[in-house]
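Novice: Residue numbers (my numbering), protein chains in the order written: chain A, 1 to 422; chain B, 423 to 701.
Don't be surprised by glycine CBs; every beta carbon is placed ideally from N, CA and C.
Remember, predicted model here, so these are calculated numbers, not experimental data.
1. I need the straight-line Cα distance from residue 613/B to residue 185/A, nearest angstrom please.
2. Quick one: give me the first and last residue of the alpha helix (DSSP H) that residue 67/A is part of.
3. Would DSSP call residue 293/A helix, strand or coil?
4. What residues from chain A crowd round residue 668/B, counting only those whose CB sits closer than 7 Å?
5. Please report how far the alpha carbon of residue 37/A lies from the alpha carbon of residue 145/A, in whole angstroms.
6. For residue 353/A, decide whether its Cβ has a neighbour in chain B, counting only Cβ atoms nearer than 8 Å.
7. At 4 residues or longer, and completely inside the region 317 to 393 of chain A: list those alpha helix (DSSP H) runs for me, N to C.
8. Where does the unbroken alpha helix (DSSP H) through residue 151/A begin, and where does it stop?
9. Please tell me whether residue 660/B and residue 641/B are closer than 8 Å, where the distance is taken between their beta carbons.
10. What are the start and end residues of each continuous alpha helix (DSSP H) run of 4 or more residues lying completely inside the region 147 to 228 of chain A, in chain order?
11. Please list the terminal residues of the continuous alpha helix (DSSP H) segment that includes residue 314/A.
12. Hey, is residue 95/A's beta-carbon within less than 8 Å of any beta-carbon in chain B?
13. Residue 351/A to residue 48/A, Cα distance in whole Å?
14. Residues of the region 402 to 416 of chain A in Cβ contact with chain B at a cutoff of 9 Å, in chain order, please.
15. CB-CB under 6 Å to residue 26/A, same chain, minus the five flanking residues each way: which ones, in chain order?
16. Hey, quick one: how far does the alpha helix (DSSP H) through residue 499/B stretch, first residue to last?
17. When burial is assigned at 16 or more other CB atoms within 10 Å of the CB, is residue 480/B buried or exposed?
18. If we define contact as Cβ-Cβ less than 8 Å, is residue 394/A a contact residue for chain B?
19. Skipping 5 residues on each side, what residues in its chain have a beta carbon closer than 8 Å to that of residue 485/B?
20. May I have the straight-line CA-CA distance separating residue 356/A from residue 309/A, to the nearest angstrom?
21. Below 9 Å on C-beta distance, what does residue 80/A contact in chain D?
22. Residues of the region 135 to 157 of chain A in Cβ contact with chain B at a cutoff of 9 Å, in chain order, please.
23. Considering only C-alpha positions, which residue in the set 671/B, 686/B, 685/B, 646/B is nearest to residue 389/A?
24. Can you check which of these residues, 193/A, 194/A, 153/A, is closest to residue 176/A by C-alpha distance?
25. Tell me whether residue 88/A sits in a helix, a strand or coil according to DSSP, three-state version.
26. Which residues in the same chain as residue 247/A place their Cβ atom closer than 8 Å to its Cβ, once the five residues preceding and following it in sequence are excluded?
27. Drop a sphere of 10 angstroms on the beta-carbon of residue 609/B, count the other beta-carbons inside from all chains shown, and report buried for 16 or more, exposed for fewer.
28. Please name the residue or residues paired with residue 451/B in a DSSP beta bridge.
29. For residue 348/A, which residues from the same chain have a beta carbon less than 7 Å from its beta carbon, with the 5 sequence-adjacent residues on both sides left out?
30. Should residue 285/A be labelled buried (16 or more other beta-carbon atoms within 10 Å of its own) or exposed?
31. Could you give the DSSP three-state label for residue 460/B: helix, strand or coil?
32. Within 10 angstroms of the Cβ of residue 611/B, are there 16 or more other Cβ atoms? Answer buried if so, exposed if not.
33. Quick check: the Cα distance between residue 442/B and residue 623/B, rounded to an integer number of angstroms?
34. Taking three-plus beta-carbon pairs below 8 Å as touching, is the region 490 to 500 of chain B in contact with the region 624 to 631 of chain B?
35. Given 8 Å as the limit, is there contact between the region 60 to 73 of chain A and the region 280 to 297 of chain A, that is, 3 or more CB pairs closer than that?
36. Determine the closest residue to residue 446/B out of 686/B, 681/B, 700/B, with distance taken between C-alpha atoms.
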């Protein structure tokens with residue numbers, strides 16, 4: 001090896017060391033925010049969330065977002081275990097009972113102090129109140145996704161029903177379901193989640209309220225009340241007549257709905273996005289084919305719904321709270337993020353009144369979004385979320401499953417639910 | 423030489439067992455970050471008054487003993503039927519029969535879940551096509567049918583194990599014994615009942631106990647197919663422990679149930695060891 005080669009090698013070595021040092025200095029300056037979410041675990045929403053993260057990183061070059069994909073049904077379990085073992089992510093996507101469950105661990109960072117007055121003023125009425133535990137805001141509303149009674153106008157028309165006049169009472173709905181089953185036996189007349197999990201109770205809760213049943217929580221009528229028995233009896237009747245398809249998760253009805261195999265479907269606003277992603281339907285075709293309305297009323301006389309929107313939480317031991325908050329705020333309020341994710345792929349409503357971008361606000365002016373904003377959101381009711389709710393969910397939904405799949409007397413099922421609730 | 427083994431066993435087996443025992447006498451909920459409280463035998467008292475525990479225990483026995491008994495019988499019949507096959511026929515038949523054993527349990531569960539589906543499931547489609555049923559049967563969504571349906575999937579996956587083991591045991595029967603029976607003009611049934619079955623008794627017992635322990639712990643198939651439902655009709659001890667530990671996060675109570683479960687498994691393990699010694 002001659003002298004020239006040696007000096008070249010030295011120069012290359014020195015340059016490499018410098019490059020590594022410079023690289024590590026840049027890496028040290030960068031803040032990493034870990035983000036546990038199911039948005040990147042689902043095919044429909046993955047492109048949108050990846051785009052939103054990339055946009056955020058481009059706008060904040062000193063912050064790296066590490067997205068951790070966890071399925072919807074697993075995320076609460078994993079977050080509790082990770083919080084317990086001291087290594088939670090910085091930010092996580094969460095929803096429904098799981099939000100309050102995690103708040104009860106005391107591991108969440110209260111977010112009140114991070115909200116500016118302008119932001120508070122721009123948040124939709126009531127969007128924060130359900131996320132208060134004591135006097136602390138424990139999560140930020142990423143989006144709103146209430147549930148409505150979706151109906152396939154084409155199926156209604158083919159069954160001889162008026163597609164522009166969906167049922168408004170439980171009796172009208174039952175009659176419509178029977179007609180559809182008679183006319184179109186291959187179609188599932190009503191899609192309703194009867195699985196045994198906390199989300200299924202959240203989804204069934206408004207139906208129970210329609211019958212006057214409040215199994216647990218404030219003003220509870222109990223698991224063995226006449227109202228609860230009336231609900232269970234009605235569900236059993238639907239199952240016996242083949243008007244519902246027991247055992248399917250809400251998400252398992254969606255591909256069937258996209259194939260015109262579900263007439264009525266109790267689902268969230270995001271159904272539109274799933275159907276269009278599945279069958280490639282245009283917006284116009286979708287509005288021609290699908291409508292959404294409030295839950296039919298029972299003897300109690302008022303429609304009900306549940307808020308299935310997603311929230312963002314920050315963990316108390318996050319070392320990068322400011323960066324974590326700026327990411328939370330970006331995802332929830334930035335017009336581009338709302339465009340590419342919230343409206344674009346998640347088909348849900350932002351939790352803020354105005355995005356500040358006329359084009360994005362215009363995208364929210366659709367027949368479906370308007371029906372949710374104007375008719376359905378006013379029917380939202382709160383549920384007694386928390387650790388007791390999770391335990392009650394197993395007991396209540398096991399009872400619902402027994403009612404729709406077995407022949408044990410309803411009185412016995414209701415008594416068994418009540419016994420477990422006690 | 424024994425000490426390293428004992429140390430590894432103490433860490434890998436001993437520590438989890440002792441910790442589970444300790445947790446089982448505590449009011450320990452993962453959602454509650456305050457220190458766990460010692461409550462003596464309260465969790466056990468609660469367990470014995472818990473109807474879901476008794477239902478799950480009953481289901482565990484039905485699922486385990488039922489699946490093993492039927493799989494062992496089918497495995498035995500198949501082994502006897504294939505005993506005289508040789509060469510390419512035997513290799514082909516054996517490969518086909520062993521295939522279910524190679525399928526991962528979760529895949530088995532999803533396979534059967536889709537086959538059982540009320541709308542669009544191949545089983546209902548076949549039965550409807552053949553005119554056996556007039557409307558789709560809710561296999562996994564009926565409180566009565568769900569357990570047999572889940573057991574059928576388990577039996578499908580487990581039978582090849584018995585077939586393989588009993589085929590090997592059959593081929594190990596000394597030729598002299600078989601020849602002597604033939605000389606005595608023993609008929610087929612007589613040969614099976616008086617010559618082959620006695621030779622197969624020990625392998626059958628040992629494999630049944632092994633499979634009993636395995637089925638007792640079976641979580642993946644049941645969870646993927648029914649999650650223990652509808653109601654609690656397919657909820658076994660392992661499913662109930664999972665729900666308690668990871669849905670309501672009651673680790674103390676779940677540990678008490680785990681201890682009972684462990685004791686039951688110990689009974690099977692002792693029986694297995696004794697059978698091995700006898701064999």
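Specialist: In short, the structure shows the following:
1. Approximately 55 Å between the Cα atoms of the pair.
2. Unbroken run through residue 67/A is the beta strand (DSSP E), 63 to 69; no alpha helix (DSSP H).
3. strand
4. 77
5. 17 Å
6. no
7. 321 to 333, 358 to 363, 367 to 371
8. First-last for residue 151/A: 147 to 152, but that is the beta strand (DSSP E), not the alpha helix (DSSP H).
9. yes
10. 153 to 158, 170 to 183, 198 to 210
11. Unbroken run through residue 314/A is the beta strand (DSSP E), 310 to 314; no alpha helix (DSSP H).
12. no
13. 18 Å
14. Residues of the region 402 to 416 of chain A whose Cβ lies closer than 9 Å to any Cβ of chain B, in chain order: 402, 403, 404, 405, 406, 407, 408, 413, 416.
15. Its pLDDT being 49, under 50, residue 26/A is placed unreliably by the model, and the measurement read from it follows with that caveat. Taken in chain order, the list of residues that qualify is empty.
16. 473 to 504
17. exposed
18. With a threshold of 8 Å between beta carbons, residue 394/A makes contact with chain B.
19. 569, 572, 573, 576, 637, 640, 644, 656, 658
20. 21 Å
21. Note that chain D does not occur in the displayed structure, where the protein chains are A and B.
22. none
23. 671/B
24. The option with the nearest alpha carbon to residue 176/A is 153/A.
25. coil
26. 194, 195, 401, 405
27. exposed
28. 672/B
29. 143, 144, 145, 269, 270, 309, 342
30. exposed
31. strand
32. exposed
33. 37 Å
34. yes
35. no
36. 681/B
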